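Student: Residue numbers (full-length UniProt numbering), protein chains in the order written: chain D, 1 to 303; chain S, 1 to 233.
Backbone N, C-alpha and C fix where the C-beta goes; we use that ideal spot for every residue, glycine too.
Quantities reported herein were computed from a predicted structural model and do not represent experimental measurements.
Handing you a structure now.
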């Protein structure tokens, strides 16, 4: 998937990074701007990190649990690098990057216990929720992992599943327009921050596609807002000193906190606009119920 | 489901009323052309690469360019149903693209569904047309598509209610569905697909109603005009 660039351009990027400047004018510890947009239903999120664009959609189903784990639901991740993201993607062939990307995000969430499958149980042994998360890479302009990780977190926080009442062995599912849907239980939000390494022990945050094609190696940290490292991924590349890795982790902690706040803010804003549009509809006399009144409190509670 | 007396549908639209359309062009950076087309909750993103090198020699055509359409649903993997939609979109757009201009090349159209709330094939064709325009692929006209539906009615089979641009709720209650695509230059049908049973009369009735919906092509012209004028300013 590496982009082919000319030798002159490569030399230019390297020489400017040697002077601690980058071709798009960022400083070496700056991320590109993040834009989060929500779809018309819950759990549809499009995130832009600079020009990189990732769309994540979440839906839920009720399924039967595995017999050996009767009270655990499922989180199913599906990563798709769309052929529209770059000319070099062949739709008829599997892409190894696809699996790598999905696995890092999935492991980061599951193994740090950010999402737990036990909270998805409705009736032990017969009915559990299965949450399907589809990650679509739409535009590949570098640092797919960070962009995908932000969009997954935003989608998980934004998603609401229908409310269920259980009496004995009977479960009633209340459709979204009948009763307030409930958010997923997300304990914390590990966000990936990627560093690119260059000669002379220089490292940059959030490499774009041109920088990715000339850098020596990269390192991704999955960090949550409590300053805990939930995963580190360094897939080959140049060897890095311990000192440098520690420096990266410190930067990652700060960046992840900033991004987490931005995601939460945008979700609160989105729910506010939803609420006001529903209120407007109510005033105009159409038959909408004001069923979003409690959402805002729930999001704040998640913090 | 539909209150017959007032001809109002459950979603508040009248029989022949389309959903409000929205579009955005050139939103992707890597693709040669891209467009997002939404009809209320149905939303589709289309991207076009072309003319590019054919990715497998087997598909190369000596006299014209090969049109490839990839359709990805919002959730999960592509199934045989998506392959069918792929083919419908391909047949429709292939008829307006001037494929003979660039022999031994490929034009890739990639459709990504954002959310599906009915009439997804029509929405995909409309998005693909806007994306092709954005990519500057030579075409002999615009292409607009519309879905019509005959409602399932237990009481009276002959008086089925025909509605335009159904949403998912209505599609689930359909007796028959008809998808049409029209080309703007000759105003001829380029694609027609029916699902379910409908009588000959009903088919022509649908066709007549579909003809009245050139507002889609008018909308596309306006969208492209707005974008180009905006660029000049």
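Using only CA atoms, which one of 219/S, 31/S, 229/S lies nearest to residue 18/S?
Tutor: Taking the first residue of the second chain as position 1, residue 18/S is located at position 18. Comparing Cα-Cα distances from residue 18/S to each of 219/S, 31/S, 229/S, the minimum goes to 219/S.
Student: Just checking: is the beta-carbon of residue 23/S within a distance shorter than 9 Å of some beta-carbon in chain D?
Tutor: As a first step, residue 23/S must be located in the second chain, where it is residue number 23. Not one chain D Cβ lies under 9 Å of residue 23/S.
Student: On a Cα-Cα basis, can you pick out the residue from 100/S, 74/S, 68/S, 30/S that is closest to residue 88/S?
Tutor: Residue mapping note: residue 88/S aligns to position 88 of the second chain, counting from 1. The shortest C-alpha separation from residue 88/S is found at 68/S.
Student: Checking contacts by CB at 9 Å: is residue 4/S closer than that to chain D?
Tutor: Stepping through the second chain from its first residue, residue 4/S is reached at position 4. Because residue 4/S carries a pLDDT of 47, less than 50, the predicted location of this residue cannot be relied on, and no value is offered for it.
Student: Would you decide whether residue 15/S is buried or exposed? Buried here means 16 or more other CB atoms lie within 10 Å of its CB.
Tutor: Taking the first residue of the second chain as position 1, residue 15/S is located at position 15. Exposed: under 16 other Cβ atoms inside 10 Å.
Student: Which residues bound the beta strand (DSSP E) around residue 46/D?
Tutor: Taking the first chain and counting its residues from 1, one reaches residue 46/D at position 46. Residue 46/D -> beta strand (DSSP E) spans 44-49.
Student: DSSP has residue 60/D in a bridge; who is on the other side?
Tutor: Residue numbering aside, residue 60/D sits at position 60 when the first chain is read from its first letter. Looking at the DSSP assignment, residue 60/D forms a beta bridge with 131/D.
Student: Flag this pair as touching only if the region 47-56 of chain D and the region 139-149 of chain D have three or more C-beta atom pairs under 8 Å; answer yes or no.
Tutor: The region 47-56 of chain D vs the region 139-149 of chain D: in contact.
Student: For the beta strand (DSSP E) containing residue 174/S, list its first residue and its last residue.
Tutor: Taking the first residue of the second chain as position 1, residue 174/S is located at position 174. Unbroken beta strand (DSSP E) run through residue 174/S: 174-183.
Student: Which term fits residue 242/D, buried or exposed, when burial requires 16 or more other beta carbons within 10 angstroms of its beta carbon?
Tutor: To locate residue 242/D, count along the first chain from 1; it is residue 242. With fewer than 16 other Cβ atoms within 10 Å, it is exposed.
Student: Going straight from the alpha carbon of residue 23/D to that of residue 13/D, what length do you get?
Tutor: To locate residue 23/D, count along the first chain from 1; it is residue 23. To locate residue 13/D, count along the first chain from 1; it is residue 13. Their backbone Cα atoms lie some 7 Å apart in a straight line.
Student: Could you spell out where the alpha helix (DSSP H) holding residue 80/S opens and where it closes?
Tutor: Taking the first residue of the second chain as position 1, residue 80/S is located at position 80. Taken as a continuous stretch (DSSP letters only), the alpha helix (DSSP H) holding residue 80/S covers 80-94.
Student: Of all the options 85/D, 65/D, 18/D, 226/D, which has the alpha carbon lying nearest to the alpha carbon of residue 143/D?
Tutor: Position 143 of the first chain holds residue 143/D. Residue 143/D has its Cα closest to that of 85/D, out of 85/D, 65/D, 18/D, 226/D.
Student: Could you confirm whether any beta carbon from chain D is found closer than 9 Å to the beta carbon of residue 200/S?
Tutor: Taking the second chain and counting its residues from 1, the one referred to as residue 200/S is at position 200. No, residue 200/S lies away from the interface with chain D (no Cβ there is under 9 Å from its Cβ).
Student: Opposite residue 229/D in the DSSP bridges: which residues?
Tutor: As a working mapping, residue 229/D is identified with position 229 in the first chain. Answer is 223/D, bridged to residue 229/D.
Student: I want to see whether chain D comes within less than 9 Å of residue 125/S, judged by CB atoms only; does it?
Tutor: For the purposes of this step, residue 125/S is taken as residue 125 along the second chain, with counting starting at 1. No, residue 125/S does not count as interfacial toward chain D.
Student: How should residue 77/S be labelled, buried or exposed, when 16 other C-beta atoms within 10 angstroms of its C-beta is the threshold for buried?
Tutor: In the second chain, residue 77/S corresponds to position 77, counting from 1. Exposed is the call here.
Student: At 4 residues or longer, and completely inside the UniProt domain "Exoribonuclease phosphorolytic" (17-138) of chain S: list those alpha helix (DSSP H) runs for me, N to C.
Tutor: Here the runs fully enclosed are 80-94, 120-135.
Student: Count the C-beta pairs between the region 121-132 of chain S and the region 93-111 of chain S that are closer than 8 Å, then say yes if the count reaches three, no if not.
Tutor: They touch, by the three-pair rule.
Student: Taking only beta-carbon atoms, is residue 75/D less than 9 Å away from chain S?
Tutor: Sequence index remark: in the first chain, residue 75/D carries index 75 (1-based). Chain S, which has no Cβ nearer than 9 Å to the Cβ of residue 75/D, makes this no.
Student: Alpha carbon to alpha carbon, what distance is there between residue 23/S and residue 225/S?
Tutor: For the purposes of this step, residue 225/S is taken as residue 225 along the second chain, with counting starting at 1. For the purposes of this step, residue 23/S is taken as residue 23 along the second chain, with counting starting at 1. Looking at the two C-alpha atoms, the distance is approximately 13 Å.
Student: Nearest to residue 123/D by CA position, among 253/D, 65/D, 247/D, 93/D, is which residue?
Tutor: Numbered from 1 along the first chain, position 123 holds the residue referred to as residue 123/D. If we check each option's Cα against that of residue 123/D, 65/D comes out closest.
Student: What residues from chain S crowd round residue 53/D, counting only those whose CB sits closer than 9 Å?
Tutor: On the first chain, position 53 is the one that residue 53/D refers to. Chain S residues near residue 53/D: 27, 28, 29.
Student: Any beta carbon of chain S sitting closer than 9 Å to that of residue 87/D?
Tutor: Here residue 87/D refers to the residue found at position 87 of the first chain. Interface residue, yes.
Student: Residue 130/D and residue 43/D: beta carbons closer than 9 Å?
Tutor: Along the first chain, one-based indexing puts residue 130/D at 130. Along the first chain, one-based indexing puts residue 43/D at 43. Cβ atoms of residue 130/D and residue 43/D: not closer than 9 Å.
Student: Note the first and the last residue of the continuous alpha helix (DSSP H) segment covering residue 77/D.
Tutor: Position 77 of the first chain holds residue 77/D. First-last for residue 77/D: 74-81, but that is the beta strand (DSSP E), not the alpha helix (DSSP H).
Student: For residue 1/S and residue 222/D, I'd like the C-alpha separation in whole angstroms.
Tutor: Counting from one through the second chain, the residue named residue 1/S turns up at place 1. Counting from one through the first chain, the residue named residue 222/D turns up at place 222. Note that residue 1/S has pLDDT 48, beneath the 50 cutoff, so the model's placement of it is unreliable and the number below is only indicative. If I take the Cα positions, the gap works out to 50 Å.
Student: Under a CB-based cut-off of 9 Å, is residue 226/D close to chain S?
Tutor: Numbered from its first residue, the first chain carries residue 226/D at position 226. Residue 226/D does not count as touching chain S.
Student: Taking only beta-carbon atoms, is residue 20/S less than 9 Å away from chain D?
Tutor: The residue given as residue 20/S occupies position 20 in the second chain. No, residue 20/S does not count as interfacial toward chain D.
Student: How is residue 243/D classed by DSSP in three states: helix, strand or coil?
Tutor: The residue you call residue 243/D lines up with position 243 of the first chain. Residue state, collapsed to three classes: helix.
Student: Is residue 138/D close to chain S? Criterion is C-beta to C-beta, closer than 9 Å.
Tutor: Within the first chain, the letter at position 138 stands for residue 138/D. Residue 138/D counts as touching chain S.
Student: Identify the residues that DSSP records as bridge partners of residue 148/S: which are they?
Tutor: In the second chain, the residue the question calls residue 148/S occupies position 148. Bridge partners of residue 148/S: 164/S, 178/S.
Student: Going by DSSP in three states, residue 292/D sits in which element: helix, strand or coil?
Tutor: Against the first chain, residue 292/D aligns to sequence position 292. Reliability of the predicted coordinates at residue 292/D is poor, the pLDDT of 40 falling under 50, and no value is obtained from them.
Student: Find the nearest neighbour of residue 137/D within the set 57/S, 193/S, 72/S, judged by alpha-carbon distance.
Tutor: On the first chain, position 137 is the one that residue 137/D refers to. The residue with the shortest Cα to Cα distance from residue 137/D is 72/S.
Student: For residue 254/D, count neighbouring C-beta atoms within 10 Å of its own C-beta (all shown protein chains included) and say buried if the count is 16 or more, exposed if not.
Tutor: The residue you call residue 254/D lines up with position 254 of the first chain. Exposed, because fewer than 16 other Cβ atoms sit within 10 Å of the Cβ of residue 254/D.
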